[in-house]
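**Q**
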Amino acid sequence: MDAIDRTIIQMAYANCRISYEALARIVNLTPNAVKNRVHNLIDSHVLSQFLITYAPGAIGADSYQAVVLTNGTETSTDFVKTMGSSPLIGHISTLATVKGGAYLLWGEFIGTEMLHEVSTFLRNLEEVESVDIYVVLS
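The opening position of the sequence shown corresponds to residue 1 in this note's numbering, with each subsequent residue numbered one higher.
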């Protein structure tokens, strides 16, 4: 890895959607040469994941947190995968408990209908005993 590769990595870190042309201008190479370098960085797993984040407020979304209590019959990893299959659930944490399972969830929603969808999805899971959802006030 040389200084050009490091510059490409820094630019991709700052903006993973930067064009090959823009990178080429920065490192003084042709767009095709930059493309080849990027592909080499991906093939060697130096670059392996690209992530785009958004500001929920920009799309009119609000945040929620939920506490889900279960009867304890679930396998934690499978249950987390099941809950995580909903696009409305952004994050899941397992909580310590002496009886059953307990999970903290949070995510974003637009309008009460989406919040109702989250609630219905969770309450319809066989192992779930209770769901408490809290809208995060900003």
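Each residue gets a CB set at the ideal place from its N, CA and C atoms; glycine is no exception.
Along the chain, where does the beta strand (DSSP E) containing residue 45 start, and where does it finish?
**A** From DSSP, residue 45 is part of no beta strand (DSSP E); its letter is neither H nor E.
**Q** Tell me residue 131's beta-bridge partners as DSSP assigns them.
**A** In DSSP, residue 131 forms a bridge with 68.
**Q** Determine the burial state of residue 37: buried for a count of at least 16 other Cβ atoms within 10 Å of its Cβ, exposed for fewer.
**A** Per the 10 Å Cβ criterion, buried.
**Q** Distance check for residue 67 and residue 103, CA to CA, integer angstroms please.
**A** When rounded, the distance between both Cα atoms is 6 Å.
**Q** Label residue 52 either buried or exposed according to how many other C-beta atoms from any shown protein chain fall within 10 Å of its C-beta, with 16 as the threshold for buried.
**A** Label assigned to residue 52: exposed.
**Q** Contact defined as beta carbons within less than 8 Å: I believe residue 92 pairs with residue 84. What is the distance between those atoms, to the nearest angstrom?
**A** Sure, about 6 Å apart at Cβ, within 8 Å.
**Q** Whether or not the stretch 2 to 16 and the stretch 28 to 37 are in contact is what I'm after, with contact meaning three or more pairs of Cβ atoms, one per stretch, closer than 8 Å; do they touch?
**A** Touching, yes, given that three or more Cβ pairs across the two stretches are closer than 8 Å.
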